[in-house]
Amino acid sequence: MSVAPDVRVHETADEQCAAVADFVVGELRAILARAPRATFALTGGSTPKRLYERLGARHGRDLDWTKVHFFFGDERCVPLDAPDSNFRMAHDALFAPLGLPRSGLHPMPAEDPDRDAAARRHERELREFFGDGATFDLAMLGLGEDAHVASLFPGERSVDERERWVLHIETRAKPPPHRLTMTLPVFARSRTLFFLVGGATKRDAVRRVLEPKDDADRALPAARVTARERLIWFVDRAAR
Ligand code: 6PG
Numbered sequence: 215m216s217v218a219p220d221v222r223v224h225e226t227a228d229e230q231c232a233a234v235a236d237f238v239v240g241e242l243r244a245i246l247a248r249a250p251r252a253t254f255a256l257t258g259g260s261t262p263k264r265l266y267e268r269l270g271a272r273h274g275r276d277l278d279w280t281k282v283h284f285f286f287g288d289e290r291c292v293p294l295d296a297p298d299s300n301f302r303m304a305h306d307a308l309f310a311p312l313g314l315p316r317s318g319l320h321p322m323p324a325e326d327p328d329r330d331a332a333a334r335r336h337e338r339e340l341r342e343f344f345g346d347g348a349t350f351d352l353a354m355l356g357l358g359e360d361a362h363v364a365s366l367f368p369g370e371r372s373v374d375e376r377e378r379w380v381l382h383i384e385t386r387a388k389p390p391p392h393r394l395t396m397t398l399p400v401f402a403r404s405r406t407l408f409f410l411v412g413g414a415t416k417r418d419a420v421r422r423v424l425e426p427k428d429d430a431d432r433a434l435p436a437a438r439v440t441a442r443e444r445l446i447w448f449v450d451r452a453a454r
């Protein structure tokens, strides 16, 4: 059963960034009002950088961020301090400015040269952390121009994975080629999942996913994303 998408369009990237920051803070505050911890799966790529920077710079006092556990929907198989590491981007923009302890950060083991073993190890850690119920209180995804999400690229076998939660993939769709990625079943167990999408280059992918015309559109990775309770699309006017 898939959840109907709630599409929220903002006129500019700045308006979108402010609105999504307020949304994230509101969600985390509501979760922490009823639970001792919150879980938040971040996305990589360039789009979320300004959101993370805004949260780190302006919202440090809005909640106890040390009660938030951060995960990553995918990671490039590069050192965690490499310029193209998703963890490095979130660390510099969000974790370091908030002074977060390492205990709440759950980077993917992207530096392990045995990538398949690293994927299985991270999956075990996730399964032990979440058990059989829902996974993330809050999860976010970006959108590729080809409608990929995380490191699940159109036409690749990983998109159809129904059992594993974390895979090592090798792709030519987006460098670097080796990546660890969560799979659609894991995202589907999130309580609330939101997309953060901006810019005219994403317009076609957004239309194909939200107004699919054929089975090819419906088979796109982003079109197959769902969540347990809420699925929200934050899209700026340029992308809509
Ligand atoms: C990654 C991301 C990837 C990203 C999209 C959009 O590791 O590359 O997880 O899925 O979210 O490619 O990237 P941009 O935000 O840079 O357009």
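To get this note's numbering, take the position in the sequence shown, counting from 1, and add 214.
Each residue gets a CB set at the ideal place from its N, CA and C atoms; glycine is no exception.
In this structure the region 364-377 lies against the region 395-406, because at least three pairs of beta carbons, one per stretch, are closer than 8 Å. Shown here, Val292 sits in coil according to DSSP, grouped into three states, outside any helix or strand.
Between Thr406 and Leu352, the C-beta spacing is below 7 Å.
In this structure, Ala233 lies near His224, with their beta-carbon atoms less than 7 Å apart. Here the region 254-262 lies against the region 284-299, with 3 or more beta-carbon pairs under 8 Å apart. The residue among Gly358, Leu246, Phe254 with its C-alpha nearest the C-alpha of Asp278 is Leu246. In the DSSP assignment, Arg444 falls within the beta strand (DSSP E) that extends over 444-450. A direct Cα-Cα distance of roughly 13 Å separates His392 from Phe367. Relative to the ligand 6PG, Ser260 has its C-beta within less than 6 Å of a heavy atom. Between the alpha carbons of Val292 and Met322 lies a distance of about 11 Å. Asp298 has its CB no nearer than 6 Å to any heavy atom of the ligand 6PG.
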